[in-house]
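The next block holds one structure in the form of structure tokens; read it before the comments.
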Amino acid sequence: MADTEARAGRSWIFSLWPTSLGARTLLTLLLGLALVQGAGLTIHALDRVELQHESELRNIGIRAMGIYRSVVATSVAERPAALKEIDLGPGATASLTDSPPLDPAELTPQPLTAIIRANMAQVPVRAPNHPRDIIMRGIPWDGSVTIGYRFPDSGWLILQMPVPPSRPWHSPTFLLAFVLMTLAAAALSFWAVRRLTGPVATLAAAAERLGRDVNAAPLPEDGPDEVARAAVAFNTMASRIRRFVQDRTFLLSAIGHDLRTPITRLKLRAEFIDDDELRDKFLADLDELDTMVSATLAFGRDTADAEPAVALDLSSLLRTILDETADARPESAEYLEFDGAEHLTLRGRSVALKRAFSNLIGNAVKYGGSARVKLVPPANGMVAITVEDDGPGVPPDQLERVFDPFYRVEDSRNRETGGTGLGLPIARNIFRAHGGDVTLGNRAEGGARATVTLPA
Amino acid sequence: MPHILVIDDDREIRDLLARFLERNRFRVTAVRDGREARRAWPNGNYQLVVLDLMLPGEGGLEVARWLRSQGDIPIVMLTAMGEETDRIIGLELGADDYVPKPFNPRELLARIRAVLRRTTERTEKKLEPAAKSVRFNGWILEPARRRLLNPDAVEVALTGGEYDLLVALVERANRVLTRDMLLDLLRGRQAGPFDRAIDVAISRLRRKLEDDGRHAQLIKTVRGGGYVLAAEIERT
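Here you go:
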């Protein structure tokens, strides 16, 4: 029980511990700074208080002895009148009594009386006038000291002298200067931490950029040694990835190009087949081959695609794909639906996005017999687009695997509906390259739902 | 019988294409590159050129440039599959159409016929040089990229049919086009059942052009079954 509480307490403290490197470093520095400043201020203040106190006591000793000297010089009878004429100083009181006024048990601590006595010696008093006895009471911080002088002839002079409270700092500007100094040091630490942790953020941003675009500009290789080394290593890695992607793209284009010529020849040859049925089958097979080659090429190319991003109207893009689907498959036209804003502008690569959405909508129509496209307005900087169908859906254990290249849901392996197994991977690559994603799920009412997110 | 010059470096494709086109009542001369094309040029009197962009040596774009310098002969380009840049450069150079390789012969045939039909009409009036962009009512049409930008420079997607329809309307702005004329201009481009689709495509186009169907200002309906694009056209 106690243990869990302790852990809860710890986790509470840990929850205040910031997560970013910069904030952690800054917090550590600021805590250290506060500690040093606090300790320094305390030491300074204590020292100052003691010094001030000592000088007050010294002053009291001299003033008290001065009063005594003036009074003792007069006769016993004249003393009350003499006492009245003496300027006692602010806050001090004096009285004459016959008996010792103080309880010896309450005597003042030694260091205090020592200071006062020592300073009394600075006021010379002729020998016969020396007090027969001096007693004192008062604790250092209670605001006043009481001093009793026993006259050499008879009676006591009782003085009550105020001890002004000591101020830890003398001038009001001291505290202001101190605060300013602390703020300046904090600002300096903030700047230094920002500067030192900046490269980490730059590196993270560069890695993020590289993930989206292998041709992103390299990192500047300057700054402190460690940072420069990290930048060099990162740039080397980026260029290796770039070369790898280029090799792959080149290979795919070469294959695609080499296949293009024989497929074109075959298509032309097929036109000379006189048997209509045979010719049509021949051409259908060639079209399928063509589609597969195109899809493979598209899959290989889209990461290195140089299509520039432009401002485009996503609503009209989605509508256009639905319209084209309706034109190509008039029988499915009444099962195509668009629900969303009339216009929604975002930045993207229009040919790539059209291909990606066409793949999703094409799948919905092919496997689900319908496609309801819904455009959800932007929230948290992202727009969501869902594509729903009324088909059998996708087995739950394959919802993620369908995004693997060339993977096909088992039932669709036969080529009647099969496709290339590249539509979804291509779509996902394209959406991810835009900083979004696509996932697949099954609807409670039946049918599949593809959910796309894109930065608004 | 229209005479077609086929320029392709693959001998088999060249021969098969020549035979295929001849079977479809064209006269065909087939050559392998720009050099042979120049040699075959003077005694040809060609009506159209089918040009492969991926030629060895000189390259298809160079040949296209040379053909353009020879006069206003329509060019149908055979481009590499999905090579956007080739296609854009080709169209900017003034190719009349493009067909990605590997093409379906019958589709190529349809494109050739459509281009010939369009150019016959074109030669009647004075041909204008291919515009890089056409502006109307703040909207911008970029023929080379086959794209439409709204007044805020945002790309608005169009289907192939919508695009061709819009081009037909813009090219003949402020002239009434009957449904039959539109059908005639667009046939060959569009495989689908385009007859009934003109009205559908018009209403889709209006929606994308933010032109209210009931009180259309841009694409106006003309009584008696026609449409007119009412706008100042600015070519650059």
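Chains E and S are the protein sequences, given in the same order.
Residue 65 in the numbering used here is what sits at position 65 of the first sequence, and the numbering runs on without skipping anything.
Position in the second sequence counted from 1, then plus 1000, gives you the numbering used here.
Virtual Cβ for every residue (Gly too), placed ideally from N, Cα, C.
This one's a predicted model, so the numbers in the text were calculated from it and none came from an experiment.
Relative to the C-alpha of residue i, which residue among the options is closest?
i, options, result
"residue 1133 of chain S", "S:1018, S:1006, S:1236 and S:1013", "S:1236"
"residue 220 of chain E", "E:213, E:230, E:191 and E:187", "E:230"
"residue 153 of chain E", "E:163, E:194 and E:71", "E:71"
"residue 134 of chain E", "E:100, E:125, E:163 and E:122", "E:100"
"residue 119 of chain E", "E:313, E:54, E:435 and E:215", "E:54"
"residue 1177 of chain S", "S:1220, S:1052, S:1208 and S:1137", "S:1220"
"residue 1152 of chain S", "E:91, E:343 and E:76", "E:343"
"residue 1143 of chain S", "S:1225, S:1137, S:1186 and S:1164", "S:1164"
"residue 348 of chain E", "E:435, E:368 and E:279", "E:435"
"residue 1057 of chain S", "S:1028, S:1161, S:1035 and S:1198", "S:1035"
"residue 262 of chain E", "E:451, E:151 and E:290", "E:290"
"residue 200 of chain E", "E:350, E:383, E:397 and E:21", "E:21"
"residue 404 of chain E", "E:373, E:386, E:393 and E:440", "E:440"
"residue 242 of chain E", "E:222, E:257 and E:217", "E:217"
"residue 1296 of chain S", "S:1042, S:1198 and S:1174", "Because chain S in this structure spans residues 1001 to 1236, residue 1296 of chain S falls outside the shown range and cannot be described."
"residue 1118 of chain S", "S:1023, S:1160, S:1096 and S:1147", "S:1096"
Does any residue of chain S bring its CB to less than 7 Å from the CB of residue i?
i, result
"residue 444 of chain E", "no"
"residue 478 of chain E", "It is not possible to answer for residue 478 of chain E, since the shown part of chain E is limited to 1 through 456."
"residue 249 of chain E", "no"
"residue 304 of chain E", "Here the model assigns residue 304 of chain E a pLDDT of 49, short of 50, so the residue's position is not dependable, and the following value carries that caveat. Taking Cβ atoms only, chain S never reaches closer than 7 Å to residue 304 of chain E, which makes this a no."
"residue 413 of chain E", "In this prediction, residue 413 of chain E scores a pLDDT of 45, lower than 50, which makes its location untrustworthy; the coordinate-derived value is nonetheless stated afterwards. Output row for residue 413 of chain E: interface = no."
"residue 200 of chain E", "no"
"residue 345 of chain E", "yes"
"residue 290 of chain E", "yes"
"residue 409 of chain E", "no"
"residue 310 of chain E", "yes"
Within 7 Å of any Cβ in chain E, is that where the Cβ of residue i sits?
i, result
"residue 1159 of chain S", "yes"
"residue 1132 of chain S", "no"
"residue 1010 of chain S", "yes"
"residue 1216 of chain S", "no"
"residue 1143 of chain S", "no"
"residue 1235 of chain S", "no"
"residue 1013 of chain S", "yes"
"residue 1154 of chain S", "yes"
"residue 1026 of chain S", "no"
"residue 1151 of chain S", "no"
"residue 1192 of chain S", "The predicted model places residue 1192 of chain S with a pLDDT of 48, which falls under 50 and marks its position as unreliable, so this point remains unresolved."
"residue 1042 of chain S", "no"
"residue 1105 of chain S", "yes"
"residue 1124 of chain S", "With a pLDDT of only 46 at residue 1124 of chain S, under the threshold of 50, the placement of this residue in the model should not be trusted, and no figure is reported."
Kindly indicate the opening and closing residues of the alpha helix (DSSP H) around residue i.
i, result
"residue 44 of chain E", "21-72"
"residue 449 of chain E", "Where residue 449 of chain E is concerned, there is no enclosing alpha helix (DSSP H), although the beta strand (DSSP E) it sits in stretches over 448-455."
"residue 348 of chain E", "Unbroken run through residue 348 of chain E is the beta strand (DSSP E), 345-348; no alpha helix (DSSP H)."
"residue 189 of chain E", "172-212"
"residue 246 of chain E", "225-270"
"residue 320 of chain E", "314-328"
"residue 1067 of chain S", "1060-1069"
"residue 1018 of chain S", "1011-1023"
"residue 1098 of chain S", "Taken as a continuous stretch (DSSP letters only), residue 1098 of chain S belongs to no alpha helix (DSSP H), being part of the beta strand (DSSP E) at 1097-1100."
"residue 1184 of chain S", "1179-1186"
List, in order along the chain, the chain E residues whose C-beta lies closer than 9 Å to that of residue i?
i, result
"residue 1136 of chain S", "Correct list: empty, because the minimum Cβ distance to chain E is about 17 Å."
"residue 1208 of chain S", "313, 316, 319 and 320"
Between which two residues does the beta strand (DSSP E) harbouring residue i extend?
i, result
"residue 468 of chain E", "Within the shown structure, residues of chain E are numbered from 1 to 456, placing residue 468 of chain E beyond reach of any answer."
"residue 1136 of chain S", "1134-1136"
"residue 80 of chain E", "Not the beta strand (DSSP E): residue 80 of chain E falls in the alpha helix (DSSP H), residues 79-85."
"residue 1027 of chain S", "1027-1031"
"residue 379 of chain E", "371-379"
Give the interface partners of residue i over in chain E, defined as CB-CB distance under 7 Å, in chain order.
i, result
"residue 1204 of chain S", "323"
"residue 1016 of chain S", "265, 268 and 269"
Check the Cβ of residue i against every Cβ in chain S and list those closer than 9 Å, keeping chain order.
i, result
"residue 374 of chain E", "What residue 374 of chain E touches in chain S: nothing, since even the nearest Cβ is about 18 Å away."
Output, in chain order, the set of chain S residues within a Cβ distance shorter than 7 Å of residue i.
i, result
"residue 354 of chain E", "1157"
**Asked** If we count Cβ pairs, one from each stretch, closer than 8 Å, do we get three or more for the segment 227-243 of chain E versus the segment 205-215 of chain E?
**Response** yes
**Request:** Decide if the segment 1168-1175 of chain S is in contact with the segment 1206-1215 of chain S; the criterion is three or more beta carbon pairs, one per stretch, under 8 Å apart.
**Result:** no
**Message:** Under 8 Å, with one C-beta from each stretch per pair, do the segment 1039-1049 of chain S and the segment 1059-1074 of chain S reach the 3-pair mark?
**Reply:** yes
**Prompt:** With a cut-off of 8 Å, do at least 3 Cβ pairs link the segment 320-328 of chain E to the segment 289-301 of chain E?
**Reply:** no
**Segment contact flag, the segment 168-181 of chain E with the segment 59-70 of chain E, C-beta cutoff 8 Å, min 3 pairs** = no
**Request:** Inspect the CB distances between the segment 175-192 of chain E and the segment 87-97 of chain E and report whether three or more fall short of 8 Å.
**Result:** no
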